[in-house]
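9 is the number of the first residue of the sequence shown in our numbering; add one for each residue after it.
For glycine and all other residues, C-beta sits at the position ideal for the given N, C-alpha and C.
Note that the structure is predicted; figures quoted are calculated from it, not measured.
This report concerns only the one structure given below.
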Amino acid sequence: MEDGAPGHRAKLTTQYCEWIGLQPYKVSWPASSPDLNSIEAIWCIMKDRLCAAKRNGQP
9 MEDGAPGHRA KLTTQYCEWI GLQPYKVSWP ASSPDLNSIE AIWCIMKDRL CAAKRNGQP
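Take a look at the structure:
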């Protein structure tokens, strides 16, 4: 799957895909999209919960 990242559009990458007969599947998300990198959203939620727990005096 390709997300528009520069490495996915590189000439060498496209030539290799053509050479092995791979038809690239392009998605309409930009590179580094939060939709493709869900761990960032999870870390944000965890951080918020930890900070809230500290403010409430929970260990």
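* Quick one: what does DSSP say Ala-18 is sitting in, helix, strand or coil? -> coil
* Using the Cα positions of Ile-47 and Met-54, report the straight-line distance between them to the nearest angstrom. => 10 angstroms
* Asked: Where does Leu-58 sit, in a helix, a strand or coil, going by DSSP?
  -> helix
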